[in-house]
Every structure is written in C-alpha cells, then in structure tokens.
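Input: a single structure, listed below in structure tokens.
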Amino acid sequence: MLMQIFLYCWYGNEVTLKSTEIGSAIYEMDWSVLPADLMKTLLMIITRSKKPIKITSGNIITLSNESFMKIIKISYSAYNVLQRS
Numbered sequence: 055m056l057m058q059i060f061l062y063c064w065y066g067n068e069v070t071l072k073s074t075e076i077g078s079a080i081y082e083m084d085w086s087v088l089p090a091d092l093m094k095t096l097l098m099i100i101t102r103s104k105k106p107i108k109i110t111s112g113n114i115i116t117l118s119n120e121s122f123m124k125i126i127k128i129s130y131s132a133y134n135v136l137q138r139s
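Residue numbers (our numbering): 55 to 139.
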C-alpha cells in the first residue's frame, strides 16, 4: 500500500518539477527565427509556466514527496498510539 502511495506522490512531484522547467526551456530557444504570432503564444506559455502544475488527490492533498513524508509520519504516529492502547 505504501508503494502505491509513493508512486503517485513521486510522479505528482515529477509533474510539478517538469511543469516549471517548461518556461526555462522555451526561454532558451532561438527566438529570432520564429514568427511574431508564435512568439506571443510562447510568451503566454512562459507566463503560465511560472505557476507550477500540482496534482491533487480529491482537492485535499497535493501529491508530492513532501506530502508522502507527511503521510508516513502520520501513519507511524497513529500506529504508535494504537500500539500503546
């Protein structure tokens, strides 16, 4: 079960990281050979890529490595509470 949660969180984190790299990749292109309308479109993409894409689970938790660690910590804490009672 933890492996399944980890995979979702890992790939959610990868989507977030790659979405922020799109703007940098477009910015590093050779803009001088592109038509003006394409330049405007790419500029809109760069502007949009400043806000990273975040995959969520039920609009409750963002799937990332950080959220996976939070899930592990909460699960371990709950396990300890149940062990002691």
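Even for Gly, the Cβ is constructed at its ideal location relative to N, Cα and C.
Locate the alpha helix (DSSP H) running through residue i, then write down its first and last residues.
i, result
"I109", "Per DSSP, I109 belongs to no alpha helix (DSSP H) and is neither H nor E."
"V69", "L56 to Y81"
"V135", "N119 to R138"
Taking the beta carbon of residue i as the centre, do at least 16 other beta carbons fall within 10 Å, making it buried, or is it exposed?
i, result
"L71", "exposed"
"L136", "exposed"
"N113", "exposed"
Would residue i and residue j qualify as a contact pair, given that the criterion is a beta-carbon distance under 8 Å?
i, j, result
"M93", "W85", "yes"
"V69", "I126", "no"
Measure how close the beta-carbons of residue i and residue j come, nearest whole angstrom, since I'm counting them as under 8 Å.
i, j, result
"S73", "I107", "4 Å"
- Do the region 121 to 130 and the region 55 to 65 meet, that is, are 3 or more Cβ pairs less than 8 Å apart? yes
- Would you call the region 72 to 80 and the region 101 to 115 touching, i.e. three or more CB-CB distances under 8 Å? yes
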